[in-house]
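There are 2 protein chains.
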Amino acid sequence: MSRIRHITLPGGFSAGAVHCGIKSTDQEDLTILACEDDASVAIMTTTNQVVGAPVLWLRRILPRGAGKARGIVVNSGCSNVCTGPRGIADAEAMARLTGELLGCEAEKVLVASTGIIGQRLPMGKVRKGIAAAGARLGQRCDSAALRGIMTTDTREKSAVIQTLIGGKKVTVAGIVKGSGMIAPSMATMIALITTDAAIAPTNLRRALVAACQRSFNAITVDSDTSTSDTVAVFASGKAGNKPLTLATRDYAKFAAVLAEVCYELARSVIVDGEGATKLVEIAVTGARSDAEAKIAARSVADSPLLKCAIHGGDPNWGRIASALGKSSAKVDPGQLKIRIGGVLIFSGGTGRKFDLPKVQAHLAGNEVNVACDLSLGKGKFTALTCDLSREYVAINADYHT
Amino acid sequence: MSRIRHITLPGGFSAGAVHCGIKSTDQEDLTILACEDDASVAIMTTTNQVVGAPVLWLRRILPRGAGKARGIVVNSGCSNVCTGPRGIADAEAMARLTGELLGCEAEKVLVASTGIIGQRLPMGKVRKGIAAAGARLGQRCDSAALRGIMTTDTREKSAVIQTLIGGKKVTVAGIVKGSGMIAPSMATMIALITTDAAIAPTNLRRALVAACQRSFNAITVDSDTSTSDTVAVFASGKAGNKPLTLATRDYAKFAAVLAEVCYELARSVIVDGEGATKLVEIAVTGARSDAEAKIAARSVADSPLLKCAIHGGDPNWGRIASALGKSSAKVDPGQLKIRIGGVLIFSGGTGRKFDLPKVQAHLAGNEVNVACDLSLGKGKFTALTCDLSREYVAINADYHT
Numbered sequence: 009m010s011r012i013r014h015i016t017l018p019g020g021f022s023a024g025a026v027h028c029g030i031k032s033t034d035q036e037d038l039t040i041l042a043c044e045d046d047a048s049v050a051i052m053t054t055t056n057q058v059v060g061a062p063v064l065w066l067r068r069i070l071p072r073g074a075g076k077a078r079g080i081v082v083n084s085g086c087s088n089v090c091t092g093p094r095g096i097a098d099a100e101a102m103a104r105l106t107g108e109l110l111g112c113e114a115e116k117v118l119v120a121s122t123g124i125i126g127q128r129l130p131m132g133k134v135r136k137g138i139a140a141a142g143a144r145l146g147q148r149c150d151s152a153a154l155r156g157i158m159t160t161d162t163r164e165k166s167a168v169i170q171t172l173i174g175g176k177k178v179t180v181a182g183i184v185k186g187s188g189m190i191a192p193s194m195a196t197m198i199a200l201i202t203t204d205a206a207i208a209p210t211n212l213r214r215a216l217v218a219a220c221q222r223s224f225n226a227i228t229v230d231s232d233t234s235t236s237d238t239v240a241v242f243a244s245g246k247a248g249n250k251p252l253t254l255a256t257r258d259y260a261k262f263a264a265v266l267a268e269v270c271y272e273l274a275r276s277v278i279v280d281g282e283g284a285t286k287l288v289e290i291a292v293t294g295a296r297s298d299a300e301a302k303i304a305a306r307s308v309a310d311s312p313l314l315k316c317a318i319h320g321g322d323p324n325w326g327r328i329a330s331a332l333g334k335s336s337a338k339v340d341p342g343q344l345k346i347r348i349g350g351v352l353i354f355s356g357g358t359g360r361k362f363d364l365p366k367v368q369a370h371l372a373g374n375e376v377n378v379a380c381d382l383s384l385g386k387g388k389f390t391a392l393t394c395d396l397s398r399e400y401v402a403i404n405a406d407y408h409t
Numbered sequence: 009m010s011r012i013r014h015i016t017l018p019g020g021f022s023a024g025a026v027h028c029g030i031k032s033t034d035q036e037d038l039t040i041l042a043c044e045d046d047a048s049v050a051i052m053t054t055t056n057q058v059v060g061a062p063v064l065w066l067r068r069i070l071p072r073g074a075g076k077a078r079g080i081v082v083n084s085g086c087s088n089v090c091t092g093p094r095g096i097a098d099a100e101a102m103a104r105l106t107g108e109l110l111g112c113e114a115e116k117v118l119v120a121s122t123g124i125i126g127q128r129l130p131m132g133k134v135r136k137g138i139a140a141a142g143a144r145l146g147q148r149c150d151s152a153a154l155r156g157i158m159t160t161d162t163r164e165k166s167a168v169i170q171t172l173i174g175g176k177k178v179t180v181a182g183i184v185k186g187s188g189m190i191a192p193s194m195a196t197m198i199a200l201i202t203t204d205a206a207i208a209p210t211n212l213r214r215a216l217v218a219a220c221q222r223s224f225n226a227i228t229v230d231s232d233t234s235t236s237d238t239v240a241v242f243a244s245g246k247a248g249n250k251p252l253t254l255a256t257r258d259y260a261k262f263a264a265v266l267a268e269v270c271y272e273l274a275r276s277v278i279v280d281g282e283g284a285t286k287l288v289e290i291a292v293t294g295a296r297s298d299a300e301a302k303i304a305a306r307s308v309a310d311s312p313l314l315k316c317a318i319h320g321g322d323p324n325w326g327r328i329a330s331a332l333g334k335s336s337a338k339v340d341p342g343q344l345k346i347r348i349g350g351v352l353i354f355s356g357g358t359g360r361k362f363d364l365p366k367v368q369a370h371l372a373g374n375e376v377n378v379a380c381d382l383s384l385g386k387g388k389f390t391a392l393t394c395d396l397s398r399e400y401v402a403i404n405a406d407y408h409t
């Protein structure tokens, strides 16, 4: 998945990264993404009520989730969560130092941190790191910038799509870290997306909210929503297209491309999920509403029993029916149809005779598809998850704080 | 935990059990509990929308969850879930056959089944089993009766309490199976409770609902609510006490004893949880309401990350704070206090210096206490769970349907 260029491919962006000593390894641990001019920016942050100091900073400078910004500074190795008022001052200092470097006020600089919960940032190292990363800003550090936001991810996860919008070539590029946690208490997902499309902040935010709904908000490794989840998209306008306005074909095209980039990034997080050996797609259709479809799909995707069964290659439809039934979404067993790998295995309230070798072959692959048709309406939602392995337990039990 | 007598200890009850061939092992797989005369009965059944045929039968004969009954027939090895209209006819046939034996109509006989989802009952074997178990009815088969409702539980789980109520000795006894699943798709928990107290069905049901709230409804092994969970309490009246009426001291005493028996049984289910090595108590206090305390406690108790950390003996308070924060219960990190084994490790929005060896020693034991004070009100709830081990994954991944 490693590409030489991604987030600086759209015009108007540069990136720099260094190892400044926050991580105990020698991997990069501080990344700056800089915008040549004020860029439109839109963010989505965690719904957890316990949030990190960087998220509090983002909510202060972007109370409506959108605005103008000149860049973002990200560190890995320490999430700056549950660190009290001094942690909030540390996050603000990171923005101020980066702003001095970029020639803008602190309020134009976003901040994100990922790593251990409950430890203060080593601000002496961070200060030097910001200066050093700033000195490296350019179009040649994309891979280092990506490594700088990773903790114990096992893959570099990025996505790039280019398309014509209003006659201009528009690029949307993104990087993401998450779910490859080996140390505990990682506060988990950060995604950075850049585009050269011209689009006002509120419209960009509208497109981001829609894109997240069926990408980042549709994935679950273990149902544990982190305290630091942050997705930020920057739009430089350098593509030269006419600024995108809602309810136009061009806006729809851009929104679709942004959604595709978000989906690719979200999918890559699951593939790199802790201990994961399989990507599992849970597609619920026929719910009374999209909202109920989401509840039902999440209930199946979060079922430890089913995730273990899939890990073992077992077509255990009883666990699927049970997970649907325990959810608050309306389910009628008599109407329900369950398919694994396209093969109908449950309908009319009871299991069917099915081609077991065919289903087992599907389960033996890297990607498993579970389709549940509730036959009650038009609501649909697809959740992505992974299997539950001994390795997940090992990763999360054997490390000591 | 095995006692020679438990459910037939209260006057008015007899029990019988046999191996009739539903299970592939030679363990008992069919149990009858019989009441000498019509007993008051109250039940609680699963909230899962996908329910087994026996649960449908219970809801038909006891639409308000309480009434009069002469007994219950239980089989293990096959849960009779998702078996269509023929499965429902099988459950009704079990009631009718047992009723003929006990000299009552089918509607006076409860039915419960536990085991694999999606397979029909072998009714020829069941028919012979009911006749054979009926022939053994007496006060000497309690242990066999308990084994007859077990699937792959590793312990015989029972509880007995005796007390004076209205000057009469009253006994409350119960047995439970569940959570020791090794085969997949077990539909999971069944508890049978007997008492010789005299109490009308609706009052008995009131006491049972209250007792379940802080016992069976407060435990979670893996958040997967089964399709067959059933708790039934029978009251024969043989103790000779004046029938218990609501809002009296005697009723309160009986309700407290019933709650204690339910709590002991529920606790024993967790101790015998799949792959469990530790019992974990999650006590939430200071919530805005008891309902929010329950939501918060369940969120912590269901967190796979925390359950892995506890398995590894790691005092990972970040995962506790995060699990509280992701719940829909109101949480203010600045007000939150977290204690493990009584030691304060988080307050004022940040981690505290604490006696690490003392906390690690607590975590190394068989019982772990996590206390979360939200400091927002008077709501409280205590959930019981177990740690998450590789063995849980092995149990649920390595067996093939």
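Chains as they are written, first to last, in the numbering used here: chain L, 9 to 409; chain X, 9 to 409. For glycine and all other residues, C-beta sits at the position ideal for the given N, C-alpha and C.
_Where the alpha helix (DSSP H) through Arg222 (chain L) begins and ends_ = Careful: Arg222 (chain L) lies outside any alpha helix (DSSP H) and carries neither H nor E.
*Among all the DSSP beta bridges, which residues are the ones paired with Met52 (chain X)?*
X:Val239
*From the beta carbon of Asp406 (chain L), is the nearest beta carbon of chain X less than 8 Å away?*
yes
*Given Thr202 (chain L), which residues of its chain have a CB within under 6 Å of its CB, disregarding the five upstream and five downstream residues?*
Ile15, Pro18, Phe21, Ala181 and Phe242
_Check this for me: beta carbons of Lys286 (chain L) and Asp395 (chain L), under 8 Å apart or not?_
yes
_Lys388 (chain L) versus Ser330 (chain L): straight-line alpha-carbon distance, rounded_ = 19 Å
_To the nearest angstrom, how far is the alpha carbon of Ala263 (chain L) from that of Ala47 (chain L)?_
17 Å
*7 Å Cβ cut-off: residues of chain X touching Val339 (chain L)*: Gln57 and Val58
*Gly248 (chain L) to Cys270 (chain L), Cα distance in whole Å?*
23 Å
*Which residues, taken in chain order from the stretch 113-139 of chain X, show a beta carbon closer than 7 Å to some beta carbon of chain L?*
Ile125 and Gly126
*Would you list, in chain order, the members of the stretch 300-312 of chain X that have their beta-carbon closer than 8 Å to a beta-carbon of chain L?*
Asp310, Ser311 and Pro312
_Per-residue burial, Lys93 (chain X) [other beta carbons within 10 Å of its own, 16 or more giving buried]_ = Checking the displayed sequence, the identity of residue 93 (chain X) turns out to be Pro instead of Lys. The residue is exposed, with fewer than 16 neighbouring Cβ atoms inside 10 Å.
*Just the C-alpha distance for Leu38 (chain X) and Met131 (chain X), rounded to the nearest angstrom, thanks.*
12 Å
*In chain order, which continuous runs of the alpha helix (DSSP H) of length 4 or greater are located wholly inside the stretch 290-362 of chain X?*
298-309, 312-319 and 325-334
*chain B partners of Cys394 (chain L), CB-CB under 8 Å?*
Looking for chain B here will not work: the only protein chains present are L and X.
*Who does Lys176 (chain L) pair with in a DSSP beta bridge?*
L:Ile173
*Going by Cα to Cα distance, which pick from X:Val401, X:Ala369 and X:Gly356 is closest to Asp381 (chain X)?*
X:Gly356
*Against chain X: residues of the stretch 355-373 of chain L by CB proximity under 7 Å*: Gly356, Gly357, Thr358 and Gly359
_Spatial neighbours of Thr293 (chain L) within its chain, please: C-beta separation below 6 Å, excluding the five flanking residues on both sides._
Asp381 and Lys388
*Keeping to the same chain, check which residues put their C-beta closer than 8 Å to that of Cys220 (chain L); ignore five residues upstream and five downstream.*
Met52, Val239 and Cys270
*Return the bridge partner residues of Gly410 (chain X) from the DSSP annotation.*
In the structure as shown, chain X starts at 9 and stops at 409, and residue 410 (chain X) therefore has no counterpart that could be examined.
*Is the beta carbon of Ile169 (chain L) less than 8 Å from the beta carbon of Glu268 (chain L)?*
yes
*Status (buried if at least 16 other CB within 10 Å, exposed otherwise) for Thr179 (chain L)*: buried
*Terminal residues of the beta strand (DSSP E) in which Asp150 (chain X) lies*: Looking at the DSSP string, Asp150 (chain X) is not in any beta strand (DSSP E); the run it does join, the alpha helix (DSSP H), is Asp150 to Ile157.
*May I ask you to report which of helix, strand or coil DSSP gives Val265 (chain L)?*
helix
*Leu352 (chain X) beta carbon less than 8 Å from that of Arg360 (chain X)*: yes
*Do we get a CB-CB distance below 8 Å when we pair Ser383 (chain L) with the residues of chain X?*
no
*Could you tell me whether the Cβ of Gly188 (chain L) comes closer than 8 Å to any Cβ of chain X?*
Note that Gly188 (chain L) has pLDDT 49, beneath the 50 cutoff, so the model's placement of it is unreliable and the number below is only indicative. So no, Gly188 (chain L) is outside the interface.
*Residue closest to Glu289 (chain X), alpha-carbon to alpha-carbon, out of X:Met102, X:Asp45, X:Ile348 and X:Ala25*: X:Ile348
*asked:* When you compare the stretch 365-379 of chain X with the stretch 205-214 of chain X, are there three or more beta-carbon pairs, one atom per stretch, that lie closer than 8 Å?
replied: no
*asked:* Using beta carbons (cut-off 8 Å, strictly below), is Lys286 (chain L) in contact with chain X?
replied: no
*asked:* Residues of chain L with CB closer than 7 Å to the CB of Arg347 (chain X), please, in chain order.
replied: Simply none; closest approach about 15 Å.
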